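Reading through the structure tokens given below for one structure.
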Amino acid sequence: MLRWTKKIILITSITVYSSIALYAQKRVACIGDSITKGLGLKKENKTYPQQLQELLGPNFNVQNFGFSGATLLSKGHKPYVETQEYKQALAFHPDIAIIALGVNDTDPRNWPNYGDEFEQDYSTLISNLRKSNPGVSIYICTLTPIFSGHTRFLSGTRDWHQAITALIPKIAKNNQVKLININEQLKSRIDLFEDNIHPNVEGATIIAKQVNQAIQGIAQPLSVKANFGDHMVLQRNRENAIIGKASSNKKVTLTFNHKTYQTQSDDNGDWSILLPKRSAGGPFDIQIQAEDEELKINDILFGDVYLASGQSNMAFELKNALGGDSLIQMNAPKVRLFKNTNLVQTNPTSWDLNTLEKINKLDFFSGNWTLPTQENKANFSAIAYAFALEVSSRTNIPIGIVELDVPGSNTESWINRTTLEQDNLLASYIHNWRKSDFIQDFCRTRSDQNLALSSTKYQRHPYEPAYNFEAGISHWLHTQFTAILWYQGESNAHNIELHELLFKTLVSSWRQNFKQDLPFYYVQLSSIERPSWPRFRDSQRKLNTELENTYMAVSSDVGDRSDVHSKNKIIIGNRLANLALAHEYKFKINADYPTFDHYTIKNSRIKVYFKNCKSLKTNNNQPLQGFTLIDEKGYSLQPGKISIQKNCVSLAMPSDKIITEIRYAYSPYSTANLQNEAEVPASTCSFKID
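Below you can see the structure in the form of structure tokens.
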């Protein structure tokens with residue numbers, strides 16, 4: 021009888037304790053649509069509310085009130101406020117409410133008709149939740165992304181998604197609720213959205229973690245972004261942001277040059293401190309503290325910072341370049357290097373599953389600031405290093421050079437996704453790039469080889485549109501740069517007109533994303549026996565005349581007939597350096613290539629006048645080569661007697677032909693040899709004769 025009584029007391033005690041624990045739990049209502057509900061997830065996978073429950077722990081009671089297809093708009097085709105889930109959410113009297121609605125409002129049945137009521141309907145939903153529990157803490161979420169492969173993307177969904185995205189922060193502010201940005205980490209992860217709208221279980225995990233951080237904060241070590249570190253160069257004469265992470269809402273103190281700067285990390289643990297402008301010099305140190313944590317960055321110089329990017333000719337290493345050994349041996353006390361090493365080379369092999377997963381997670385580039393040791397120089401871009409050495413030695417200013425390139429990569433891969441999606445032509449193929457003729461067949465074939473073992477519909481690859489921006493460039497957007505060095509185009513030479521659009525888009529989007537009017541110093545493609553290259557080179561010349569603050573270095577005189585990777589790289593780096601010295605540092609040198617200015621015709625002779633030159637000559641004073649005349653029937657003719665007179669080339673024309681066009685250096689592999697008095701070669705060009 022006594023044992024039985026003890027059991028009754030024990031069971032009663034457990035029941036009372038459980039009831040108290042349940043009563044003490046904070047109630048969390050996850051309000052949303054199919055993304056909250058978990059549409060598309062396998063049965064064994066957990067929705068974001070289920071994962072949130074695990075993250076929050078036993079002191080919270082998380083309930084999923086998602087309804088597939090629900091609209092925020094009360095007059096939409098499936099209004100959330102008319103669902104049973106909405107009634108249950110109110111009856112739940114949540115202490116915390118997470119609202120993630122709006123994706124379905126991009127439907128043409130909804131936004132065009134009732135979009136003007138979105139703000140008031142959202143405010144009403146928030147108000148009703150407060151009525152159910154006046155003490156409720158409400159968080160509203162940004163929209164998750166909709167990718168360009170969605171069937172209605174170009175017929176309105178893209179634009180309406182952007183309109184709603186712009187409204188949500190305003191709604192949060194005006195209703196005094198907190199905003200959770202669940203879009204930021206998902207917008208660059210198309211691999212998680214097989215149907216272009218619903219995230220898979222990994223996407224649900226990302227959402228759950230973001231919501232958990234908003235509710236509980238985050239504990240993490242004090243750190244700075246990976247592109248800060250010992251031996252770095254910060255841009256002189258500009259404010260520089262030092263950016264890092266700490267635990268949520270912690271005071272961060274930075275000491276630099278005997279001055280102290282303070283800030284506080286936000287709910288996500290992010291912090292940023294702005295250093296004042298400083299002239300060239302150094303070295304300096306920085307100390308950073310957050311409570312009992314401390315880190316130090318040593319040997320910092322202030323100077324000029326350049327970003328060198330593109331494909332394999334930019335990646336071509338100094339140790340393989342003609343004359344590279346002498347530069348490797350030479351001291352460069354004011355040059356600092358940051359090489360973004362590729363996770364794997366795009367060779368004709370199949371990548372293993374571990375590599376494929378890392379690439380999906382955008383873990384493709386890694387690196388740090390280094391001193392120019394012989395080993396570091398040898399493995400660095402020959403063009404970029406030659407540029408940095410020349411500029412630093414002639415200006416006596418520290419030069420930091422960041423190399424970020426991928427052999428074989430196309431222009432599309434370096435442009436951010438939002439910009440690509442904004443262009444109707446580009447948005448039509450970027451999600452289906454491996455089967456699109458807009459992408460060069462080399463890129464498609466090689467990526468198919470690399471990705472042969474992947475079963476992911478949108479498996480990532482560094483030739484994929486937007487990938488190199490998302491995995492690489494995006495990490496440098498806070499950095500102040502003097503200018504961009506660019507050598508790319510080989511993987512876009514199959515479609516010249518498309519490249520013209522892409523290059524203009526690249527330049528404008530980088531300037532917009534970096535929030536700097538960055539000068540672009542780019543290399544014109546070289547000479548090789550590839551039939552489209554003369555017209556491509558001429559197109560690059562025309563782009564130079566159309567785009568402000570761009571400068572082009574000619575390389576066709578140092579090409580290789582059969583090898584796309586000519587070893588003559590140091591001279592190209594020096595040409596880029598001379599352009600920068602002329603335009604950034606105002607050196608009195610003629611670094612620009614001589615180009616067509618105007619012509620005159622008299623007595624069967626045409627005189628072609630060039631600008632960017634005081635006089636013209638030929639390389640090594642050899643006979644002038646490279647000019648071709650085109651007659652009215654399209655036939656190519658060789659000119660008669662040719663002579664050079666100061667800045668003019670005089671060509672004899674056949675008297676029995678009507679000449680309609682003149683071309684220079686228009687052979688795929690060109691032996692054209694015209695240059696100015698500073699030995700800067702003339703560009704491939706063509707012009708019409710009226």
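Quick note: to get this note's numbering, add 20 to the position in the sequence shown (first position is 1). Ideal placement from N, C-alpha and C gives every residue a C-beta, glycine not left out. Please read all numbers here as calculations on a predicted model, not as lab measurements.
- In the DSSP annotation of this structure, the continuous segment of the beta strand (DSSP E) that includes H618 starts and ends at T615 to K622.
- Fewer than three pairs of CB atoms, one per stretch, sit closer than 8 Å, so the stretch 486–494 makes no contact with the stretch 396–412.
- In the DSSP annotation of this structure, K477 is not part of any alpha helix (DSSP H), being labelled neither H nor E.
- Under the three-pair Cβ rule at 8 Å, the stretch 448–460 counts as touching the stretch 427–435.
- Rounded to whole angstroms, the Cβ separation of K297 and I348 is 35 Å, and the two are not in contact under 8 Å.
- With a threshold of 16 other beta carbon atoms within 10 Å, G660 falls short and is exposed.
- Shown here, K631 sits in a strand according to DSSP, grouped into three states.
- In this structure, K354 is the residue among K354, T185 and K271 with its C-alpha nearest to the C-alpha of M252.
- In this structure, DSSP gives T273 an extended state, which the three-state scheme calls strand.
- When Cβ pairs closer than 8 Å are counted between the two stretches, the stretch 686–697 is seen not to touch the stretch 527–544, the count staying below three.
- Considering only L321, S624 and D290, the residue with the shortest C-alpha distance to F276 is L321.
- The C-alpha of K631 is placed about 21 Å away from the C-alpha of T691.
- If the five residues before and after R555 are omitted, its C-beta is found closer than 7 Å to the C-beta atoms of I516, all from its own chain and listed in chain order.
- Following the DSSP letters along the chain, one finds M334 inside the alpha helix (DSSP H) bounded by residues S332 to A335.
- Ranking A90, A702, S88 and C50 by CA distance to the CA of Q71 puts C50 first.
- In the structure shown, the three-state DSSP call for L545 is coil.
- Runs of the alpha helix (DSSP H) lying entirely within the stretch 424–477 and spanning at least 4 residues, in chain order: 437–442, 444–447 and 461–470.
- Taken through DSSP and simplified to helix, strand or coil, W371 comes out as coil.
- At a Cβ-Cβ threshold of 8 Å, G646 and A685 count as neighbours.
- Boundaries of the beta strand (DSSP E) around W291: D290 to L295.
- Per the C-alpha coordinates, the member of L391, R550, A503 and T283 positioned closest to L596 is A503.
- Cβ contact annotation for L373 (same chain, cutoff 7 Å, sequence separation greater than five): L473, in chain order.
- Shown here, S670 sits in a strand according to DSSP, grouped into three states.
- Spatial neighbours of A404 in its own chain (CB-CB distance under 8 Å, excluding positions within 5 residues in sequence) are listed in chain order as Y326, A328, M334, I421, E423, L505 and G593.
- Excluding the 5 residues flanking it on each side, K316 has same chain C-beta neighbours closer than 8 Å at D305, I306, Q307 and I308, in chain order.
- Around the beta-carbon of S168, 16 or more other beta-carbon atoms lie within 10 Å, marking it buried.
- E204 and L382 have their alpha carbons spaced roughly 14 Å apart.
- Distance check between I263 and each of T525, D651 and L295 places L295 closest, using alpha-carbon atoms only.
- The Cβ-Cβ distance between V221 and I118 does not fall below 8 Å.
- Note that the C-beta distance between N194 and F358 is not below 8 Å.
- Contact between the stretch 62–78 and the stretch 88–100 is absent, with fewer than three C-beta pairs closer than 8 Å.
- Residues P241, L242 and A266 of the same chain have their beta carbon placed closer than 8 Å to that of E313, with the five preceding and five following residues left out of the count.
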